[in-house]
Amino acid sequence: EFLASIVWQIYVTFILETRLANNLFVECLNFIGIVALILAIIFFWDHKINYVSLKNAVNRKIVIMFIMTGILIFLASNIGFLLTKTAYHLGNSYSVFFVRTVVNISGICLLYMQQYQLIDQNRRRELDAIQNLFQSQYHQYKAHAENTNYINRKAHDLKHQIQVILAEDDVEVRRRYLSDLNDAIQSLNHKIETGNGVLDTILTRKNMYCQEHDISLTCIANGALLHNIEIMDICSLFGNALDNAIEHVEKIPETEKRLVTLKLQNRGKMVILRVDNYCIDDQLNLMVIPETSKKDKENHGYGLKNIDFIAKKYGGSMTLELEDNWFSLCVVFPIV
């Protein structure tokens, strides 16, 4: 409807009253040229829009709204034809087609305005979700920092208790108590030290979780590279990266394949964070950010988007790779 009205309007305005009128070649050239130009403009506008990210924002109400808008535009653009033989006619046929063209252009603009409003609402919703995720990761860090301090105090107390038990005369009782205390101390010995207190807390917490769920977590990290990174960004970056990896390997039945590795190092003036996990899904589409496997897709699934956001914030980038059943997340950014 829109293309037809534009082609006809161009023909009437620039060709009809000239010697080129009724020339089949000119008419075909006009039709093909105008259609190609309009499609090129639409493609230029649309190729920047990530429609995949909008699919969760589109519901039945929005679909009905767009359909009703399209129907109203169609009826309004053709109202001139219905009024032709009435007292309310718009004049000659040229006026009818001109009104049709103006209404169609206005209608297309209205539809695009509705679309961009939907995109803006979706972006605001994503930013709110990412901000909530930042806050959640930060609160988890604070809670675990307090828990780590408690564990350290408890371990310190246990060491003193060992000294007391050593004075026990009954050898069997002493041996039994020492064995129990040894096990208790070993169960608290999950701490990972990288040179960055915030990162130490996050990795220690994840290491405790992995040991409880038969997951092998290997960390090689130089935490000193993160001294100028904001605390909330460290919490979100490493928390989300490890959560995504752990979430996937937890589903693997064979415990020997529940493998996660984290490396944080520098090459020259660039910081490189790489998190690898064994992957049972070799059909992942890495052209788009993989969706979460959690049931609550409305409130989850922003982990990788959050990582990408943080990488870009510090002038870097995030890449995803899948090779030989190993999923790799790599974040590279300049040393701050």
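Numbering (this note's numbering), first residue to last: 1 to 336.
Think of the CB as a built atom: it goes at the ideal place given N, C-alpha and C, for glycine as much as any other residue.
None of the values given here were measured: they were computed from a predicted structure.
- Here H248 is buried, its C-beta having at least 16 other C-beta atoms within 10 Å.
- Residues I34, V35, I38 of the same chain have their beta carbon placed closer than 8 Å to that of L3, with the five preceding and five following residues left out of the count.
- Residue state for C219 is assigned as strand, using DSSP reduced to three classes.
- By the neighbour-count criterion, in which a residue is buried when 16 or more other Cβ atoms sit within 10 angstroms of its Cβ, Y138 is buried.
- Spanning the alpha carbons of I79 and I108 requires a straight line of approximately 17 Å.
- Spatial neighbours of D169 in its own chain (CB-CB distance under 8 Å, excluding positions within 5 residues in sequence) are not present.
- If you draw a straight line from the Cα of I229 to the Cα of V271, it is about 11 Å long.
- Taken through DSSP and simplified to helix, strand or coil, L322 comes out as strand.
- Considering only C279, Q131, F14, F25, the residue with the shortest C-alpha distance to T255 is C279.
- Note on geometry: alpha-carbon atoms of F66 and V58 lie some 11 Å from one another.
- For the pair of segments examined, the segment 190-209 was found to touch the segment 219-227: the number of CB pairs separated by less than 8 Å reaches three.
- Shown here, T201 sits in a helix according to DSSP, grouped into three states.
- Judged by DSSP in its simplified three-state form, T86 adopts coil rather than helix or strand.
- For T69, the enclosing alpha helix (DSSP H) covers residues 60-77.
- Under DSSP, the beta-bridge partners assigned to L264 are A221, L273.
- A Cβ-Cβ distance of about 6 Å is found for the pair L329 and A241, placing them in contact under the 8 Å criterion.
- Per DSSP, reduced to three states, the secondary structure at Y112 is helical.
- Comparing alpha carbon positions, the residue from Q131, Y209, N30 closest to W8 is N30.
- In the same chain as H213, and ignoring 5 residues on each side of it, the C-beta atoms closer than 7 Å to its own belong to E250, in chain order.
- Here P334 is bridged, per DSSP, to M270.
- Between T84 and V96 the beta-carbon gap is near 7 Å, inside 8 Å, which marks them as a contact.
- For G303, the enclosing alpha helix (DSSP H) begins and ends at 303-313.
- Beyond the five residues adjoining it in sequence on each side, K263 comes within less than 6 Å, by CB distance, of I220, R274 in the same chain, given in chain order.
- Sixteen is the threshold: when 16 or more other Cβ atoms of the shown chains lie within 10 Å of the Cβ of I73, as they do, the residue is buried.
- For H248, the enclosing alpha helix (DSSP H) has its first and last residue at 231-249.
- In the displayed model, L16 falls within coil according to three-state DSSP, outside both helix and strand.
- Distances from the CA of K257 to each of S5, E193, I215 were compared; the closest alpha carbon is that of I215.
- Distance from the CA atom of T194 to the CA atom of I307, rounded to whole angstroms, is 21 Å.
- Relative to the Cα of N266, the nearest Cα in the group D157, R125, V331 belongs to V331.
- An exposed status is given to A40, since fewer than 16 other beta-carbon atoms sit within 10 Å of its beta-carbon.
- Around the C-beta of R205, 16 or more other C-beta atoms lie within 10 Å, and the residue is accordingly described as buried.
- If you draw a straight line from the Cα of R175 to the Cα of D157, it comes to about 18 Å.
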